[in-house]
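Here's the structure, in structure tokens; my notes come after.
In the numbering used here, the protein residues as written are 1 to 831.
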């Protein structure tokens, strides 16, 4: 800080200037200020620009009577000192008398109650301001240096040229310091009191000058842990009195969360309980206040399943997850909570699974389903790994139904989680069988598998098994046809059509002959089911244990997974889809029990042939993306759904898939010949490149496909490789299709929104509370939506009548659409 000089009156200044010339000479100063009056003489500027301390010329401290005509020599400092000592003794006697501790009835001193800290705040005064200046005042009677420091020496209580402390309001003469200073020190300087006692804390500057809630001033209750301050009536719930002792604000007293929040599912209003007792509430003369409400958020925790979802107060979310709560409040309407989910219908297929696991539906409905948690998310799909903690607790890595692998969580064995116990038993059986196979494969090599050890009782063959391993050797002849449905299909409770059983026999025979095939049945005849039963028959009869690779469009993989679970329940089927995190979990935990097979889930080569799974479902794109990992596995069978993706040998999918190590290929397509013979040739070339390897010869041989001879020869060539049947050939008892068109009127609400769409009335179509916006980029599609049901538009759905449980009223839902009115009448007649 640069030096500054302040002058109180001309007489003092002249005396001090004379003393300086005689005793010390000119004192070096920083940059001099402008002249304040005629008697002030400027000081030379130091050549070295080093910041010096603040110095000011002050007057002597005024006495209590406010004598402003005081001159430095009019009073004796010793007499004043004696008077101050006497006043201090009298004050200490009064303090001692007032501080006497009150005594109770039994003579026990009562502890004084300390009140929480309060202050008077000012809305406009956010922070204590300190005035500073670098020049002398232009008028007389003004302080030469405007600060909060005292203008007299702390030691001698006299004015004059004083040095200011940078850490407290005290000031000193240079000669009054011990030891005495000759020159003004440079830089930041602390007085002897601050050096010994420490920096003085200014309590008033620690806390805000305004309420954190309403941003207004007044009497504020200060938090003892942070700078926040509140009005007592702004707290939730409000406080009637200042609390005793230390007080923490709601943010500092918020309980820590039990984990890291991953996302907010929904929120609700809750009433804050009144802190008053019943007697206080009844004796209160004030009018009854409206109950205080606050929000609670239903939170899904990071690395924990939906079983651990919990309600968290708004203040906890603001303290521990401010960005998440800010993003959520911007996205959703925070005046009314979201509508509750509709209860499950008895006809819902999910109800069967809930009943199978004996789930208390009513309890889960009230706790989870109505707040956006789907029933499938609470059912364990399978166990993919396990680990033992130091205290002996066994944890299992659970993959949940309809959730990706990156949302798998570690859980303890619990009867409250549906399907978990069954999944653990299946996992233990599968692991025991896999370890037995791995040990037998490595027999004679003097090497043990690196898989985690299983307890001896888990390997006991006398224990009941959930997983049944296949036979070691083939138990049937593939050349022998099935006259009826095999037993392993009967056990599933499903039934094959006769033509599907014929297709199964043809696929089994082709496998036995080593002939790669194309199943080209017309769409809707069940190519997926025939393929699954074919692979399942190879597994159950000991002909092949896999692994089987199925590549299908991403949109149909869910259907493939569902059909595998229905028709082949003993298959361990993996769905290899999702983002890189999900696929890393699959590579690390699902491909093999061997720990060294793929450490850390890296997309590298597999280091073992002892695989954990039987079937792997994946998309066309991931066949190319993860070729390093998937291409290192020796596949027993490849199945390609929608095989017309292979119609060009220049495509990336064709070239990469041809590099895989595959023993047998099966292609599925409903249109083997789409445009020309070249596409058919590429399918055959991928199937058997040794036999179909010259496109020019193939095209010349069938140049005129319209001739009957060439068609007959083509059928003979494709006969061993392709099976194609039409619906008209196999479903002869199916009745002919009949169509009746019934025209219905639009409902009043449909007419209104139909008009809004045609007139492009965005204000009426878009909801007022924000959310999903209508763009009208495709008016024809929007008109179709309106004809189906107006509730497909967000603004119309907000007008819908709501039932007592927060769901749409059924009668209003039907009357809003002309089509539903007709359907309701038809259902009454058709029963």
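Note that beta-carbon positions come from the ideal geometry of N, C-alpha and C, so glycine has one too.
Model, not experiment: these values are computed from the prediction.
In the three-state reduction of the DSSP assignment, residue 191 falls in the coil class.
The beta carbon of residue 481 lies closer than 6 Å to those of 505 in the same chain, with the five residues before and after it left out. 9 Å or more divides the Cβ of residue 341 from the Cβ of residue 306. At least 9 Å separates the beta-carbon of residue 745 from that of residue 670.
Taking C-alpha positions only, residue 435 is separated from residue 662 by approximately 25 Å. Contact annotation: residue 231 and residue 211 have beta-carbon atoms nearer than 9 Å. Note on geometry: alpha-carbon atoms of residue 171 and residue 161 lie some 10 Å from one another. For the set 427, 408, 795, the Cα lying nearest the Cα of residue 582 is the one of 408. Annotation: residue 714 to residue 696 spans about 15 Å, alpha carbon to alpha carbon.
Rounded to the nearest angstrom, the gap between the Cα atoms of residue 243 and residue 256 is 23 Å. DSSP places residue 576 outside any alpha helix (DSSP H); the residue lies instead in the beta strand (DSSP E), whose first and last residues are 573-576. Per DSSP, the continuous beta strand (DSSP E) segment holding residue 380 begins and ends at 380-388. Annotated three-state conformation of residue 820 is helix, per DSSP. Residue 597 sits in coil when the DSSP states are folded into three classes, being neither helix nor strand. Within a 10 Å sphere around the beta-carbon of residue 163 sit 16 or more other beta-carbons, which makes this residue buried. Look at residue 300 here: in three-state DSSP terms it is strand.
Per the DSSP secondary-structure output, residue 779 pairs with nothing in a beta bridge. Counting only runs of 3+ residues, the beta strand (DSSP E) found wholly inside the segment 557-643 occupies 573-576, 615-618, 635-640, in chain order. Note that the C-beta distance between residue 574 and residue 613 is below 9 Å.
About 17 Å separates the CB atoms of residue 259 and residue 406; that is not less than 8 Å, and the two are not in contact. Secondary-structure assignment with DSSP links residue 665 through a beta bridge to 638. If you look at residue 310, you'll find it isn't in any alpha helix (DSSP H); it sits in the beta strand (DSSP E) that goes 310-313. Measuring C-alpha to C-alpha distances from residue 498 to each of 530, 799, 321, 224 identifies 530 as the nearest. Non-local C-beta neighbours of residue 693 in its own chain, meaning closer than 8 Å and more than five positions away in sequence, comprise 685, ordered along the chain. A Cβ-Cβ separation of about 30 Å leaves residue 793 out of contact with residue 830 under the 8 Å criterion. Bounds of the beta strand (DSSP E) holding residue 548 are 548-551. Out of 639, 585, 595, 672, the CA that lies nearest to the CA of residue 532 is found in 639. A distance below 6 Å between beta-carbons, with the five flanking residues on each side excluded, links residue 154 to the following residues of its chain, in chain order: 170, 172.
The beta carbon of residue 488 sits closer than 6 Å to the beta carbons of 540 from its chain, once the five residues preceding and following it are set aside; these are given in chain order. CA-CA distance, residue 82 to residue 252, rounds to 50 Å.
Between residue 720 and residue 513, the CB-CB gap stays under 9 Å. With a cut-off of 8 Å on Cβ pairs, the segment 551-567 is not in contact with the segment 626-637, counting fewer than three such pairs. According to the DSSP assignment, residue 763 belongs to the alpha helix (DSSP H) that extends over 762-765.
For residue 632, the CB contacts under 6 Å within the same chain, skipping 5 residues up- and downstream, are 605, 606 in chain order. In the structure shown, residue 500 falls within a helical segment according to DSSP collapsed to helix, strand and coil. The three-state secondary structure of residue 798, taken from DSSP, is helix.
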